[in-house]
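Written out below as structure tokens is the structure these notes cover.
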Ligand code: GLC
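In the working numbering, the protein residues as written are 133 to 574.
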């Protein structure tokens, strides 16, 4: 955990050189990143035996909140007896998400599919007795939703892996390269297996902070994936050999300079199913989602199914409300790019790809009109997305002899407002053009 915190802190300081993709030239991957940039919303699924007791995924034994033996007893309670991948995929589709990422193996080393490299899987060790990945991917693909495989590089259960509990390691790599090599061929074997079996559109690595790029052979791992699956996208937790950044839980205040980024976030305060009622409200989720998109990123929103394969009611509610909002307002989200730089509008915004349509997002109940500063364009039309209500902008303070644009004020009647976030569509005469000066005669 501590190592991870240090890594995340460094990521924030160094927004110029992003670690996650530092070895991968953006021009080389731009084309394959196309669907990801347009997707905006993904659903993350932390499925694992930790749902049996409702405790922290893998970290609970690592941090010694429970003994390893007791943690592993959860294997006996993992039934999946009500697992309905078609229902999951329907719900994900309803939320508006364009991709989903599921745990194929977390740090506890329990594979959620039939790995041939050891016996530690839900297929061989739990009453579920079956692979949960393939049927889920099949259902996603039927609905044209991209499939992502979360894979933990860390494997605290494997005898050849150095790390185990927070204060006790099995060995140190430098003292036993043969043992480390055995682990390396094991985990790379699992990656090959997953790549071949499930052909993920996206690989979501986790835990790279425990070893260096050289130790993981990160470049080789990238090559293994891409040689079998050339268009696969790889997240930024591969010690510099991934394609995009993954800030976790913490939201950037200024727009990240990364080419592609995704905020991964829990729906309550936990990744897996937990006895945790601190659910984020649909309003909170939607405003966070909008903010990520307005800053050029995606949101990967997590859910934690129960051990029988059912999804908590509160979670279903969040996804349905988010989906209903996306249905009304998706025009302003999907296939757009990040919006105006700070200072022109006090809220999030997006732009159409040709930047001649501006979308303004209004949080909660507006008190008074919306204002845009420094917009040089002529406005052709303003409407409320999802309702079509036409609004009349008023240009205030435009001085005839000055090239500096006036302020745009738009009144939004309460009846035209969305129950969560209202979106205004501002059609401009041509691609957006902004005045960024300091007033006066400039
Ligand atoms: C962290 C945690 C892990 C969780 C992941 C999701 O890296 O170690 O438990 O799965 O975040 O982003």
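For glycine and all other residues, C-beta sits at the position ideal for the given N, C-alpha and C.
Given this structure, state the Cα-to-Cα distance separating residue 221 from residue 400, to the nearest angstrom.
About 21 Å.
How should residue 93 be labelled, buried or exposed, when 16 other C-beta atoms within 10 angstroms of its C-beta is the threshold for buried?
The structure shown does not extend to residue 93, since the chain spans only 133 to 574, so no value can be given for it.
Which of the three DSSP states, helix, strand or coil, is assigned to residue 455?
Helix.
Could you check the C-alpha separation between residue 490 and residue 353 for me, to the nearest Å?
Their Cα atoms are separated by approximately 41 Å.
When burial is assigned at 16 or more other CB atoms within 10 Å of the CB, is residue 299 buried or exposed?
Burial call: exposed.
Going along the chain, which residues of its own chain have a beta-carbon closer than 6 Å to the beta-carbon of residue 137, five neighbours each way excluded?
Here residue 137 scores only 37 on pLDDT, less than 50, and its place in the model should not be relied on; the value that follows carries that caveat. Nothing listed; no residue qualifies.
By how many angstroms is the C-alpha of residue 481 removed from the C-alpha of residue 303?
Going by the C-alpha atoms only, they are around 51 Å apart.
How long is the line joining the alpha carbons of residue 189 and residue 278, rounded to whole angstroms?
Roughly 25 Å separates the two Cα atoms.
Please specify which runs of the beta strand (DSSP E), each continuous and at least 3 residues long, are wholly inside the stretch 164-217, giving them in chain order.
As far as the stretch 164-217 is concerned, its whole beta strand (DSSP E) runs of at least 3 residues are 173-177.
In three-state DSSP terms, what is residue 324?
If DSSP states are grouped into helix, strand and coil, residue 324 belongs with the helices.
Looking at C-alpha atoms only, which residue of 457, 495 and 464 is the closest neighbour of residue 226?
Among 457, 495 and 464, the Cα nearest to that of residue 226 is on 457.
Got a sec? Which residues, its chain only, sit under 7 Å from residue 217 by beta carbon, not counting five neighbours each side?
Same-chain partners within the cutoff: 267, 268 and 271.
Beta-carbon within less than 6 Å of residue 513's beta-carbon, same chain only, minus the 5 sequence neighbours each way: which residues are those?
These residues qualify, in order along the chain: 559.
DSSP has residue 431 in a bridge; who is on the other side?
BP columns for residue 431 point to 173 and 395.
Please report the straight-line C-alpha distance between residue 469 and residue 443, rounded to a whole angstrom.
If I take the Cα positions, the gap works out to 32 Å.
Looking at the structure shown, is residue 135 part of a helix, part of a strand, or coil, going by DSSP?
Here the model assigns residue 135 a pLDDT of 38, short of 50, so the residue's position is not dependable, and the following value carries that caveat. Residue 135: helix per DSSP, three-state reduction.
What are the uninterrupted segments assigned as beta strand (DSSP E) that are 3 or more residues long and contained completely in the stretch 309-364, given in chain order?
Correct list: 334-338.
What's the call for residue 531, buried or exposed, on a 16-neighbour Cβ count within 10 Å?
Result: exposed.
If you follow the alpha helix (DSSP H) that residue 424 is part of, which residue opens it and which one closes it?
That run of the alpha helix (DSSP H) goes 414-426.
Leaving out five residues before and five after residue 334 in sequence, what residues of the same chain have Cβ atoms less than 6 Å from its Cβ?
Once the five neighbours on either side are set aside, the close Cβ partners of residue 334 are 280 and 365.
Just curious, the beta strand (DSSP E) that residue 516 is in, first and last residue?
511-516 is the extent of the beta strand (DSSP E) around residue 516.
On a Cα-Cα basis, can you pick out the residue from 453, 570 and 377 that is closest to residue 223?
The option with the nearest alpha carbon to residue 223 is 453.
Name the one or two DSSP bridge partners that residue 579 has.
Lying outside 133 to 574, the shown extent of the chain, residue 579 is not represented and no answer is given.
State yes or no: is the C-beta of residue 567 within less than 7 Å of the C-beta of residue 537?
Yes, the Cβ-Cβ distance between residue 567 and residue 537 is below 7 Å.
Please list the terminal residues of the continuous alpha helix (DSSP H) segment that includes residue 256.
Start and end: 254-257.
Within a Cβ cutoff of 6 Å, which residues of the same chain sit near residue 463, ignoring the five residues on either side of it in sequence?
Once the five neighbours on either side are set aside, the close Cβ partners of residue 463 are 517.
Give the straight-line distance between the Cα atoms of residue 208 and residue 488, rounded to the nearest whole angstrom.
Straight-line Cα distance between these residues: approximately 57 Å.
Tell me whether residue 189 counts as near ligand 1, meaning its Cβ is closer than 6 Å to at least one heavy atom of that ligand.
Residue 189: yes, Cβ under 6 Å from ligand 1.
Could you tell me the alpha carbon to alpha carbon distance between residue 144 and residue 393, rounded to whole angstroms?
Note that residue 144 has pLDDT 30, beneath the 50 cutoff, so the model's placement of it is unreliable and no number is given.
For a test of the three-state rule: what should DSSP assign to residue 525, helix, strand or coil?
In the structure shown, residue 525 sits in a strand (DSSP, three-state: E or B).
What's the gap between the Cα of residue 371 and the Cα of residue 378?
Whole-angstrom Cα-Cα distance: 12 Å.
Identify every run of the alpha helix (DSSP H) within the stretch 212-294, keeping only runs that are complete inside it and at least 4 residues long; order them along the chain.
The stretch 212-294 contains these whole alpha helix (DSSP H) runs: 217-227, 254-257 and 265-274.
With a CB to CB cut of under 6 Å and the five nearest residues on each side skipped, what residues in its chain are close to residue 529?
Contacts found: 538 and 539.
For residue 553, does the count of other Cβ atoms within 10 angstroms reach 16, so buried, or fall short, so exposed?
So residue 553 counts as buried.
For residue 305, does the three-state DSSP call read helix, strand or coil?
Looking at residue 305 - three-state DSSP - the assignment turns out to be helix.
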